[in-house]
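*Asks:* Below you will find the structure I want to go over with you.
Structure representation (structure tokens):
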């Protein structure tokens, strides 16, 4: 949403907003994506193909004859037939310092890896995963207590700002190929990664609790059974939960829920 709103504020003509089809949300009610709601609020047309590579989707884009295709966390692989449509190319906003952390979960993987900094990269897309040449980069430190949700929100704003700057100076940019041998892959998160044990040690628990917000979340065994840990801190060689959540309950201070155990 920050990128969409920033493009609009900067005066770009947005021909079409493409987002995923409406999916079941809480209590299985079908709900529109946040991008769809923002586009409607801005008076922009919305298109929600099940598969962007289907011939009717490709033809819909081809008829628009856009200068650019801007892609931000779309969630589908774009085929050559789509990438070839925009006159000046397909531009991706990616939440890492490429070529590090290519893939589905760059923010969480940066925290899990213990990285001290991350950032955003604007790249020109090709058919391979987060592989194309770099148009712009902006780095930022990762806060000691910053979790993936907060860092994602911060990077989204940074990415939007850098996207607008990149398009503004597009013709004068120096395009730099990625250093492919240094690439790492930020694999999709798995639910079992959030099943923590005290034996992992305080630093590892801390990284996982911060990295796995909001999904899949992190749980630890306690005197109340497995409890979801929403935040905490390292104290010497111990990990101390600050806010926890019992199944079916609202988040609460850990001392209130668990006592001194």
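Residue numbers (the working numbering): 15 to 275. Here a beta-carbon is modelled for each residue, glycine too, at the ideal position from N, C-alpha and C.
When you compare only the Cα positions, how much space is there between residue 240 and residue 234?
*Replies:* The residue given as residue 240 occupies position 226 in the chain shown. The residue given as residue 234 occupies position 220 in the chain shown. So the alpha carbons of these two residues sit roughly 5 Å apart.
*Asks:* Alpha carbon to alpha carbon, what distance is there between residue 83 and residue 247?
*Replies:* Taking the first residue of the chain shown as 1, we reach residue 247 at position 233. Taking the first residue of the chain shown as 1, we reach residue 83 at position 69. In a straight line, the C-alpha of residue 247 is about 42 Å away from that of residue 83.
*Asks:* Can you check DSSP and say which residues form a bridge with residue 137?
*Replies:* Translated into positions along the chain shown, residue 137 becomes position 123. Paired residue(s): 106, 148.
*Asks:* Would residue 255 be called buried (16 or more neighbouring beta carbons within 10 Å of its own) or exposed?
*Replies:* Residue 255 sits at position 241 when you count from the first residue of the chain shown. That one is buried.
*Asks:* Can you check whether the CB of residue 166 is closer than 8 Å to the CB of residue 109?
*Replies:* In the chain shown, the residue the question calls residue 109 occupies position 95. In the chain shown, the residue the question calls residue 166 occupies position 152. Cβ atoms of residue 109 and residue 166: closer than 8 Å.
*Asks:* So, is residue 59 buried or exposed, given that buried needs 16 or more other C-beta atoms within 10 angstroms?
*Replies:* Looking up residue 59 in the chain shown gives position 45. Exposed, because fewer than 16 other Cβ atoms sit within 10 Å of the Cβ of residue 59.
*Asks:* Which residue from 251, 89, 103 puts its Cα closest to that of residue 95?
*Replies:* Taking the first residue of the chain shown as position 1, residue 95 is located at position 81. Comparing Cα-Cα distances from residue 95 to each of 251, 89, 103, the minimum goes to 103.
*Asks:* For a minimum of 3 consecutive residues, which ranges assigned as the beta strand (DSSP E) are wholly contained in the region 59-95?
*Replies:* You should have 83-86.
*Asks:* Please report how far the alpha carbon of residue 157 lies from the alpha carbon of residue 170, in whole angstroms.
*Replies:* In the chain shown, residue 157 corresponds to position 143, counting from 1. In the chain shown, residue 170 corresponds to position 156, counting from 1. Those two C-alpha atoms are separated by around 16 Å.
*Asks:* Where does residue 39 fall in DSSP's three states?
*Replies:* For this step, residue 39 is matched to residue 25 along the chain shown. Three-state DSSP puts residue 39 in coil, outside helix and strand.
*Asks:* Output the distance between the C-alpha atoms of residue 25 and residue 213, rounded to the nearest integer angstrom.
*Replies:* Locating residue 25 in the chain shown gives position 11, where the first residue counts as 1. Locating residue 213 in the chain shown gives position 199, where the first residue counts as 1. For residue 25 and residue 213, the distance between alpha carbons rounds to 54 Å.
*Asks:* Quick one: what does DSSP say residue 259 is sitting in, helix, strand or coil?
*Replies:* Against the chain shown, residue 259 aligns to sequence position 245. Reduced to three states, the DSSP call for residue 259 is strand.
*Asks:* Residue 35: which of 227, 202, 88, 269 sits nearest, CA to CA?
*Replies:* In the chain shown, counting from the first residue as 1, residue 35 sits at position 21. The shortest C-alpha separation from residue 35 is found at 88.
*Asks:* Out of 62, 99, 81, 55, which has the shortest C-alpha to C-alpha gap to residue 73?
*Replies:* The sequence position of residue 73 within the chain shown is 59, counting from 1. Here the closest residue by C-alpha is 99.
*Asks:* Considering just the uninterrupted stretch of the beta strand (DSSP E) at residue 240, what are its terminal residues?
*Replies:* In the chain shown, the residue the question calls residue 240 occupies position 226. First-last of the beta strand (DSSP E) with residue 240: 239-249.
*Asks:* Any idea what DSSP makes of residue 234, helix, strand or coil?
*Replies:* The residue you call residue 234 lines up with position 220 of the chain shown. DSSP places residue 234 in strand when its eight states are reduced to three.
*Asks:* With DSSP collapsed to three states, give me the class of residue 224.
*Replies:* Against the chain shown, residue 224 aligns to sequence position 210. Residue state, collapsed to three classes: helix.
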